[in-house]
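**Q** With the working numbering, the residue at position 29 of the sequence shown is 25, and numbering never jumps.
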Amino acid sequence: MRKVILLLAIIFTVLAIVFSALPMDTLAFLPIGTALLFSLLLLKKSEYEQKRFPKSLLFICALCSVFVLGKTLFIKDKVEVDQKFELQKIETKEEAKKELEEIEGLE
-3 MRKVILLLAI IFTVLAIVFS ALPMDTLAFL PIGTALLFSL LLLKKSEYEQ
47 KRFPKSLLFI CALCSVFVLG KTLFIKDKVE VDQKFELQKI ETKEEAKKEL
97 EEIEGLE
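#1: Could you check where the alpha helix (DSSP H) with Ser61 kicks off and where it finishes?
#2: What do you get for Ser35, buried or exposed, if any count of 16 or more other CB atoms within 10 angstroms of its CB means buried?
#3: Consult DSSP for Glu91 and reduce its assignment to one of helix, strand or coil.
#4: Does the separation of the CB atoms of Cys57 and Leu83 fall below 7 Å?
#5: Taking the Cβ atom as the reference point for each residue, do Leu39 and Pro50 lie within a distance shorter than 7 Å?
#6: List in chain order: all unbroken alpha helix (DSSP H) runs of 4+ residues lying wholly within the region 7 to 52.
#7: In whole angstroms, what is the alpha-carbon distance linking Glu87 and Leu69?
#8: DSSP state of Val75, grouped into three classes?
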């Protein structure tokens, strides 16, 4: 039973690290919470000599959660208007109007 919990704790801790590095905002808390749960279960199932690894997994999960929380609170997403694209849109509309007027003039 301990080996299964150990494997699940390792898998979810790796997923927590990956999700915290990706721009997924609070969705990263799902694997972090699951990894914390399995790490706590592993800590409870382990004997005194075996508690070093579950503690390190708990530390990694806590570090990931602090990182995700900091990213969520302190990094703001900004959307800027692309002036070149807006000018290109206007020019394209004007060209399309001219082409339609030329087509109508030919008929």
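Glycine is no exception: its CB is placed at the ideal position from the N, C-alpha and C atoms. Here the structure is a predicted model, which is why all the values come from computation and not from measurement.
**A** Here's the rundown:
#1: Here residue 61 refers to the residue found at position 65 of the sequence shown. Run containing Ser61: 48 to 70, per the alpha helix (DSSP H) assignment.
#2: As a first step, residue 35 must be located in the sequence shown, where it is residue number 39. Label assigned to Ser35: buried.
#3: As a first step, residue 91 must be located in the sequence shown, where it is residue number 95. Looking at Glu91 - three-state DSSP - the assignment turns out to be helix.
#4: Indexing the sequence shown from 1 puts residue 57 at position 61. Indexing the sequence shown from 1 puts residue 83 at position 87. Inclusion of Cys57 and Leu83 in the CB contact set at 7 Å is not warranted, their separation being larger than that value.
#5: Within the sequence shown, residue 39 is the residue found at index 43, counting from 1. Within the sequence shown, residue 50 is the residue found at index 54, counting from 1. It is a contact, given that the beta carbons lie within the stated cut-off.
#6: 25 to 41
#7: Position 91 of the sequence shown, counted from the first residue, corresponds to residue 87. Position 73 of the sequence shown, counted from the first residue, corresponds to residue 69. Roughly 40 Å between the two C-alpha positions.
#8: Stepping through the sequence shown from its first residue, residue 75 is reached at position 79. Three-state result, Val75: coil.
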